[in-house]
């Protein structure tokens, strides 16, 4: 079963924005994107605005590959937005790189977007029918062209036009928007994708910023202030931060729980807690639900499972150690592996640390199993390394449903948790035992650390209950 | 005090060689270099030989940046050598990239080199005086030109010419050499730099390989056989591996102990043990020598100190956790940080994981302190993150003496352990307490796991006792 | 006096289109653009269409720099359009490179454009006001977005939509348009910029093509058929060529006379004659109007004045020779000249051939004087080379008025013919005598060779009589 | 019959050197190489020297492609040498690019070379036998390594070492040499390849230069002084120019006559005359020897035959005109032509100017016929263009013998003049008549304009009489 979303790029990305009068905002944005690099390695871009003229540089690759000093120099202005973009098959074109810049009747506007509009096809069709030609396939161009529409009576300004967009858009979007007079940070009414506000102190004084994750502020010497609320439109300009709720119907808060499980940096903060601590608790809950007292050792699948493995080890009282070495030199290789290497596959990414494993009954903690391509190979690697038994413990439930909100798991077919039950998966990956954390356990671990009121989560990939849809997944949209 | 070595590039590198008839040896070498990337990110290269004609491609940057499919295609033959090179100031030129290829009266020869010849200046001068012009500054060209010299009666072949080179060379060298008929793997009589042998099974049958570290074999689906012995000349050809000791005076085995402490991959093996286990024991010894029972938490400075911190935590009974997040997206950035960022410095590399630190008395385990530029900044980061106390424990002794054998710490001036005593360093880095592992403790941890006879180590950077020199460091050489 | 056109790119370009079922149309287009390279060296691009999906590659630089085999490979289909673009200050961005591709409600459309819309600002404003955001500054995007507008009753197809565009567009445009079902070649009702039709015979049979100049057909082994008529819409598809006049008011034919004087290749044909012959007659008329019987020698300013100089020499009976050597290695240099070189300026482009000049009274034939920056320097060069006298003869009248139709001479201020009279110009360039061809002489030379009826020309840059405007130059447009 | 030279690169190049204290010598060299670009388009390079340290940048492609501002910046010093290199099959590697820089016992030395050593293989073998390894295949490295040899009693300085090289070298060499204290310009005792001296006036005062052709001086605002004499060693330093004859046996002066016929720029000067005038006389002699009074028109094959065609037309009294348009946009294309285009071949380079040819009996003047691949295609093009008859007149004799001195015509097999007689060639190219200039006529034309004593020429490619060899061509060398 393939859905209409397959042919469109997944907007699983990092966004950023900063206003800091007098400072080198493009440079600050560069280093912030560097901190958000894990959210997308396909392309990167920065846009600035001065005196009503917008400037942009974007390119394919890591942010360090896309930018040299000569590219930062023309990016003048007191405010900037930036974007780093995930690679999904078939949509790897420079024309889909962001930020997307457009000349409009209201002046230039730049948009950086994280998420997926579930009604993008319909919105796109409406634009085309109105006579607006589109240059690429991305949701971001659709958003920018919607913002370019002429202003009705009751939308005299950018806030009004953004609200108008929010009234017709469905799905997930965390946006940073650049206009001649201000920056905007906007989050969809569900708050599917994260977005937060921070302040940056430069030699020219105080500035304000927005980012997908709070760790971007820390990297550039700033600090986290608060999250952008679901449905909120935040304006950032020389006067600082002003915010209000968009006049759209409120929806249940639905932060993507997969950000806690896997996607976000451990040192980022959502809902008043750090991701690392939530992950430790995921490990703790997993140890309570699925103990394995006869084991000798708890090891993580690096790097995303380290915190959960520490939590599991601590709760279980079993020793924690490393059993796998991960090759740190990430970045696309243009070289195809030999047939032998392709078969083993996982070797280019992981080596076993044999002496830590030899003769041991090992608990391997993994954060999630999506397609099931890797786990089995790692189990085999551990056995070759001498492990006597390998017990796999997963710090989230089986992924059984596609995500339509911006995470790259788009079809039922590709999800091993949809096709096989737990025992079949155990057999498939060759583990001595396999246990997943329950949905209740996961939510208990996540919510325990939350500070503040109305938190809420989307865990549709685990449950099939899609917050945005009345009747199941939105795959039947026109 | 600056020494004559400062103006020359430090040959702190990874080398590789493989013979596998019928296989795509350049591709195997590519992936092996990928596994050795931590030994040098400045440049990379691969050379092959077929029918007496040598081919080479090399370039600046990571191995994944230097090679595309079009570069591998012309690299035909049954054997290849590869090299990945560390960046040291002032010597970052393509002309110093390796392997170094030379047409000689004996046919083409290619050389990949790890280490530093301590009498390179004298050898260079001898070559120049004989009328041999040199194209660059590297030791490797000197080695290749020495091998190009005409053959005397008693050196009728490559083994003879290699032995002749070894008779005049002083210092550290681990070489892979490519000739029309064979590969050679050669290690200096002290065995300063590591070099080992492995086998690789391809669809075309069995092949043999040499590498700076055994993890390179594992990455390409092969396995470790044994180390090249100090002073040994190993020939690899269609008949497999044949080896003999070079007719040079034996020297005390002196494997660089810093490979255990910091430089090598944790999953590599030297002297019968894995580096990860040696590092755990370094942490264990450190916990015994320098306990800190009042602390709440043991954290590593990632990534090189993780094993030692696990060892320390286990021995001390204190909980282990992560307190620092390291930015994974390594690779040169061409963008200069802002002044503010430059001052904070360490932020671009590390963020604190505040909630793990808040209110805690933290033991920060670091593998070594060389220049002292980073440790103080990390201590400050941990305090900002909320740590109540920061106790620094270093799993090696103070580095007090330069290395002339290929590690990038070349002058007394730059070594904080030479300029300050332990209390002064503690004050400099702002720690609540600071303790180093003793030399005895370090050697106990390293030697405990050794399997096999005549091991021996160079720890001159800690002790000032240089194995190769009769009278102190070789800085008075002409 | 600067006009509103200054901030917009001048669309002085070469366009091409070819339909040839089964043939490698992108490759044919590449070589056709190579033949049209003199019409623009800033950027180049090719678009194709197959099964309703459009493909494009474009980039900055010469066509040989923009295209490698890997770029041609994805450009599949039975038809292609191509574009090569002139560089004007301030508009040198990839986003202005052509062809411009757009997804529309009618399917994908690609546009390649030569010329300038004189009401582009107004059309642009109308689009913005309708809510269409624009990504760049080029007229071409405006044209494409106008074609993307929804179709009214009476414009059921592309012909209809093109006619609708022609009804609102003013100024100069020669277009090639790519749609899923056909190619179109379109020329504005004045026929300001040239456009012609040809046929190409490939191993797969007969194909049809359109190009700015007929020499493009010859280069790819095809042949010239006829010119596209002013106001004509020509459809090219599998059935060959079908054409009709757009339902817009006819205008007086106004082919740019500067194409004859300077811009076009000598081997191209307009209005039934080759440019080289027209230029020879320009020289002949010049010799009749402005003889110089006391001179020894006629030399051209290479390359564009060669034909006129030959015509002048033949008519006057004076010997023809070369007196200037032009550096053939055209292409942008990224290196700034030294101050001395900057002052002499013309030396990097021309050297004098001294021995041909020494002691001679030289007639230097130039095709036109626009800004007057170069002529004076060449006169000085000839004197340094030994010329006793230098008599400048210009084979067109003084350029006194800006062009708004696509030639890069956009403001009164920059035109030396507007600021100075002939004697002042003679003094400025340091010639012994200076004479221009009269407007009558120019038109006599051009029209003498015309075959076929309704030819007509725009010579507004010489006369100030703008065919498109009722009341003088269109510089007062909003 | 293939010779040993086939596998070696042909050193048909442009060389340059300049000393100008305080000036930006690398920039001057850049523009000089730009003027020498016709002598080689494969690679380009510049080397400078300051304080005993040499700097170099070189790369593949046109000089404008190889150099950007960032490459000039590090090229500091008061003197520079430069090189531009011709492309011959199989030797197109960066490692063969020049200048070639070498560290020697005498300090750094840089060499730029035009020509071919006929005993390079033997010299190379001697170097290898002495134990000098060689990095590439070029003669230039051989020359540099010979200069690096230790100094005997009687060669205390660079002049001595250069003389020593000249004593063993055979064949053609025009060299510019860079040393820490001076530049040298050196020409072999035959003076096969051209080399001349000039002066350059910069804002910092007077400087001196050497170049393959005098037009390079003019381009950078300097002036020609004199030619370097065969066998002369010219030193250029802060004191200006000092020169002496090398203590080697004098040989008959043998400037390559093909420089006059085809290779050099028309505005360059050799032996007191400009090449353009010599070429006009070649045309004059040709008109006398091979008139064609029934013809209507004389046309050149552009660009190298223009001067000869002018001379022919003037002598014959027939009108001169252009009949072929040459595509000016030179530079490698990476795109292979279609089969149809490949067959026609010449179309991508030339188009016919039909209206000048229609119904005419045309004399097509070509400077030379080497391989015979092009002439026949041009004749066909002229006929298609309407020419009634095509009479080919060649302003040099048939090329019947290979060149071993640096021009790219290396084997007997490839020379149509060796395989066929004149009537057979006429038939092969499809001309109505064909006539070559006689050897006597050519020498008369060339020598008539010579100013100064001992001129002499190599015309071995026409006669088979090789100045350097006692017994025929040097193809039997070991």
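Chains as they are written, first to last, in the numbering used here: chain A, 1 to 478; chain B, 1 to 478; chain C, 1 to 478; chain D, 1 to 478.
Glycine included, C-beta positions come from ideal geometry on N, C-alpha and C.
{"Check": "Would you mind reading off the limits of the beta strand (DSSP E) that contains residue 326/D?", "Outcome": "324-326"}
{"Check": "When the Cα of residue 174/D is compared with those of 266/D, 461/D, 405/D, which residue comes out closest?", "Outcome": "405/D"}
{"Check": "Could you pull out every residue in the same chain whose Cβ sits closer than 7 Å to the Cβ of residue 242/A, ignoring the five residues on either side in sequence?", "Outcome": "235"}
{"Check": "Quick one: any contact between the region 412-429 of chain D and the region 289-298 of chain D, if contact means 3 or more CB pairs under 8 Å?", "Outcome": "no"}
{"Check": "Counting C-beta neighbours from all protein chains within 10 Å, is the total for residue 152/B 16 or more, i.e. buried, or is it exposed?", "Outcome": "exposed"}
{"Check": "Shortest alpha-carbon distance to residue 348/C belongs to which of 257/D, 15/D, 29/D?", "Outcome": "29/D"}
{"Check": "Would you say residue 55/D faces chain B, with C-beta separation under 8 Å as the test?", "Outcome": "no"}
{"Check": "Determine the contact status of residue 80/C and residue 26/C, defining contact as a CB-CB distance below 8 Å.", "Outcome": "yes"}
{"Check": "For the region 146-163 of chain B and the region 100-112 of chain B, state whether three or more C-beta atom pairs, one from each stretch, are separated by less than 8 Å.", "Outcome": "yes"}
{"Check": "Are at least three pairs of beta-carbons, each pair with one atom in the region 221-237 of chain C and one in the region 179-194 of chain C, less than 8 Å apart?", "Outcome": "yes"}
{"Check": "Using DSSP with H/G/I as helix, E/B as strand and the rest coil, what is residue 18/D?", "Outcome": "strand"}
{"Check": "As a quick exercise: from 400/D, 378/D, 369/D, 360/D, pick the residue whose alpha carbon is nearest that of residue 388/D.", "Outcome": "360/D"}
{"Check": "Check whether the region 284-291 of chain B touches the region 300-316 of chain B, taking contact to mean three or more Cβ pairs, one atom from each stretch, closer than 8 Å.", "Outcome": "yes"}
{"Check": "Considering only residues of the same chain and omitting the five flanking positions on each side of residue 464/A, which have a CB-CB separation below 6 Å?", "Outcome": "401"}
{"Check": "When DSSP labels each residue in this structure, what does residue 316/D get in the three-state scheme?", "Outcome": "helix"}
{"Check": "Give the single residue among 24/D, 100/D, 40/D, 183/D whose Cα lies nearest to the Cα of residue 265/D.", "Outcome": "40/D"}
{"Check": "Listed from N- to C-terminal order along the chain, which residues in the region 283-309 of chain C have their beta-carbon within a distance smaller than 8 Å of any beta-carbon of chain D?", "Outcome": "303, 306, 307"}
{"Check": "Under 6 Å Cβ to Cβ from residue 271/C, same chain only, skipping five residues before and after it: list those, please.", "Outcome": "450, 455"}
{"Check": "Straight-line CA distance for residue 366/A to residue 380/A?", "Outcome": "15 Å"}
{"Check": "Round the Cβ separation of residue 370/A and residue 390/A to the nearest angstrom and send it over; I've been treating them as touching at under 8 Å.", "Outcome": "Wrong, their Cβ atoms sit about 19 Å apart, outside the cutoff."}
{"Check": "So, is the C-beta of residue 89/C closer than 8 Å to a C-beta in chain A?", "Outcome": "Low confidence applies here, because residue 89/C scores a pLDDT of 40, under 50, leaving its location unreliable and the question unanswered by this model."}
{"Check": "Applying the criterion that 16 or more other CB atoms from any shown protein chain within 10 Å of the CB defines a buried residue, is residue 342/C buried or exposed?", "Outcome": "exposed"}
{"Check": "Just curious, the beta strand (DSSP E) that residue 241/C is in, first and last residue?", "Outcome": "240-245"}
{"Check": "Drop a sphere of 10 angstroms on the beta-carbon of residue 223/B, count the other beta-carbons inside from all chains shown, and report buried for 16 or more, exposed for fewer.", "Outcome": "exposed"}
{"Check": "For residue 395/C, which residues in chain D fall below 7 Å Cβ to Cβ?", "Outcome": "Within chain D, no residue comes near residue 395/C; the closest Cβ sits about 15 Å away, beyond 7 Å."}
{"Check": "Could you check the C-alpha separation between residue 89/B and residue 65/B for me, to the nearest Å?", "Outcome": "Model confidence at residue 89/B stands at a pLDDT of 40, short of 50, so the residue's coordinates are unreliable and nothing is read from them."}
{"Check": "Based on Cα-Cα distance, which residue from 209/A, 317/A, 274/A, 304/A lies nearest to residue 239/A?", "Outcome": "209/A"}
{"Check": "Which residues does DSSP pair with residue 208/A in a beta bridge?", "Outcome": "19/A, 199/A"}
{"Check": "Which residue's Cα is closest to the Cα of residue 280/A: 219/A, 261/A, 307/A, 267/A?", "Outcome": "307/A"}
{"Check": "What does the Cβ neighbour count give for residue 94/D, buried or exposed, with the cut at 16 atoms within 10 Å?", "Outcome": "exposed"}
{"Check": "Short of 8 Å Cβ to Cβ, which residues in the region 98-123 of chain D face chain B?", "Outcome": "101, 102, 103, 104, 105, 109"}
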